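Everything on this sheet refers to the single structure shown next.
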Amino acid sequence: YMVQIIIDSKQAVSAVLWSMVIFTVSGAVMGTYQVITGQFHLPVKVITALGGNVPRATGTFHNPNIFASFMMSGVLPLLAVLLNYKMGRGQRILFALSTVIGVGGLLASFSRSSWVATMIGVMVILWLSGKMRYFFILILASIVFILGLKEFVPFAEYIFERFISIFTLFSEFGSLGRTSSTARILLIIASLDMFFDHPFLGIGWRAFPHVFSGYAPPGYPHWSYVNEPHTVIAMVLGELGIVGFTAFMWFVCRTFFLSVGRFYRMQDSYLRAVAIGMIATFVAFQVNQSFNGDLPNNMFWFCIGMLFAVQRLEAAS
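Per my numbering, numbering of the sequence shown is gapless, rising by one per residue and ending at 612.
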């Protein structure tokens with residue numbers, strides 16, 4: 296709500312976009328430096344047990360997945376404006392470089408959930424831009440790019456392996472190298488058990504970590520330091536019950552359909568381009584939060600405020 300009030304002009308919108316250029320480039324540089332210098336966010340023995348063999352970028356955050364969603368929040372809006380608004384050559388070059396560098400930071404996080412979320416976000420951008428014909432070309436170019444990285448960039452082979460592992464979740468379920476993915480599924484099972492025990496109002500907001508030990512399925516890897524829900528929908532169902540789940544789904548659907556409906560009535564090309572980026576980021580967060588229980592993420596709520604701010608500016612003009 297405060298974002299919607301504060302962003303009260305096109306100049307304010309532009310200031311936000313330029314701040315995205317700065318934090319996207321800065322975050323990517325910092326994240327890449329962390330990977331190159333071997334700064335692990337967890338003890339090395341835990342990283343190895345979880346199937347990793349290289350450090351993952353976290354930027355100024357404590358978790359690489361949160362850092363990745365932060366980078367995603369910069370990449371998607373900048374890409375949307377780049378594809379849908381005619382800018383001067385210098386500004387276009389800066390936006391393009393920031394987007395490419397931001398993707399590099401996203402890769403340095405080794406966050407598969409954010410990679411998938413970003414790809415979905417790009418697809419939404421192309422859909423709302425009327426350029427879906429370029430999607431498969433983009434996918435092919437991305438595959439070629441990743442394969443090329445394997446030959447020239449350190450850690451690139453691990454990026455490729457992480458990407459491929461997205462498609463082997465169920466075939467390798469329970470294996471030592473897939474502990475992180477296995478834990479996520481077991482956390483969902485625990486959330487469902489909490490819901491079945493307390494179906495109406497759930498166990499209470501933020502109660503999951505405190506009662507999880509009593510709901511942990513047999514064989515859960517407690518040594519992985521994970522006792523937080525990693526799927527927002529399951530978390531809401533377990534902690535807030537059917538009442539909270541209904542309210543949450545209403546909020547998500549209402550935000551999406553209302554914003555898309557308003558988007559198709561927008562005439563200002565600049566605000567329209569920004570709205571495309573914000574809608575894409577909102578959808579990408581829904582995908583990301585299916586693998587990470589990061590509902591309080593500041594960028595998620597900022598994106599929603601920014602989305603309605605640009606549409607309010609359009610209506611006012």
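Don't be surprised by glycine CBs; every beta carbon is placed ideally from N, CA and C. Computed from a prediction, not measured in an experiment: that's the story for all the values here.
With 16 other Cβ atoms within 10 Å as the buried cut-off, status of residue i
| i | result |
| --- | --- |
| V527 | buried |
| R384 | exposed |
| Y429 | exposed |
| P372 | buried |
| N593 | exposed |
| R501 | exposed |
| W545 | exposed |
| V308 | buried |
| R567 | buried |
| I300 | exposed |
| R407 | buried |
| V370 | buried |
| S476 | buried |
| Y559 | exposed |
| S409 | buried |
| K427 | Reading off the sequence, residue 427 comes out as Met, not Lys. It is exposed - the Cβ of M427 has fewer than 16 other Cβ atoms within 10 Å. |
| Y510 | buried |
Proximity winner among the options, relative to residue i (alpha-carbon distances)
| i | options | result |
| --- | --- | --- |
| Q334 | T413, R387, P372 and G354 | G354 |
| F615 | I480, P516, L532 and F495 | This structure gives no information on residue 615, because the portion of the chain shown stretches from 296 to 612. |
| I361 | S314, L401 and M382 | L401 |
| Y491 | K426, G572 and I537 | According to the sequence provided, residue 491 is Phe. The question's Tyr does not apply to it. Ranking K426, G572 and I537 by Cα distance to F491 puts I537 first. |
| S554 | M573, G369, H505 and N583 | M573 |
| W313 | R387, P359, Y328 and V349 | R387 |
| I396 | S408, A310, A363 and A307 | A363 |
| P512 | M489, R351 and K381 | M489 |
| A478 | P524, G425 and G499 | P524 |
| D589 | L496, L481, A570 and M530 | M530 |
| Y380 | F552, V569 and E609 | V569 |
| F318 | F603, M367 and F551 | M367 |
| I483 | C598, S585 and F597 | S585 |
| I420 | I331, F390, I571 and S612 | I571 |
| I480 | P516, M427, S321 and G399 | P516 |
| S582 | Y510, M418 and H505 | Note that residue 582 is Val in the sequence shown here, rather than Ser. When only C-alpha atoms are compared, the closest one is M418. |
| S508 | L496, G499, G497 and V521 | V521 |
Rounded straight-line distance, which links the Cα of residue j to that of residue i
| i | j | result |
| --- | --- | --- |
| S304 | T576 | 21 Å |
| R607 | M601 | 10 Å |
| M414 | M325 | 23 Å |
| F580 | C548 | 13 Å |
| L377 | L423 | 14 Å |
| S393 | V316 | 6 Å |
| S437 | D563 | 32 Å |
| A352 | P359 | 6 Å |
| L374 | L487 | 38 Å |
| F551 | A412 | 16 Å |
| Y328 | A391 | 21 Å |
| S404 | L389 | 23 Å |
| F495 | A542 | 12 Å |
| A485 | F431 | 38 Å |
DSSP-derived helix/strand/coil call for residue i
| i | result |
| --- | --- |
| S424 | helix |
| F431 | helix |
| Y565 | helix |
| A575 | helix |
| V339 | Residue placement at V339 is poorly supported in this model, since its pLDDT is 48, which falls under 50; the coordinates still yield a value, given next. Correct three-state label for V339: helix. |
| I480 | helix |
| S585 | coil |
| K305 | helix |
| N300 | Checking the sequence, you will find Ile at residue 300 rather than Asn. In this structure, I300 counts as helix in the three-state DSSP scheme. |
| A352 | coil |
| A612 | As written in the sequence, residue 612 is Ser, which differs from the Ala given in the question. Note: S612 maps to coil in three-state DSSP. |
| E523 | coil |
| P516 | coil |
| P372 | helix |
| I528 | helix |
| N592 | coil |
| I331 | helix |
| S406 | coil |
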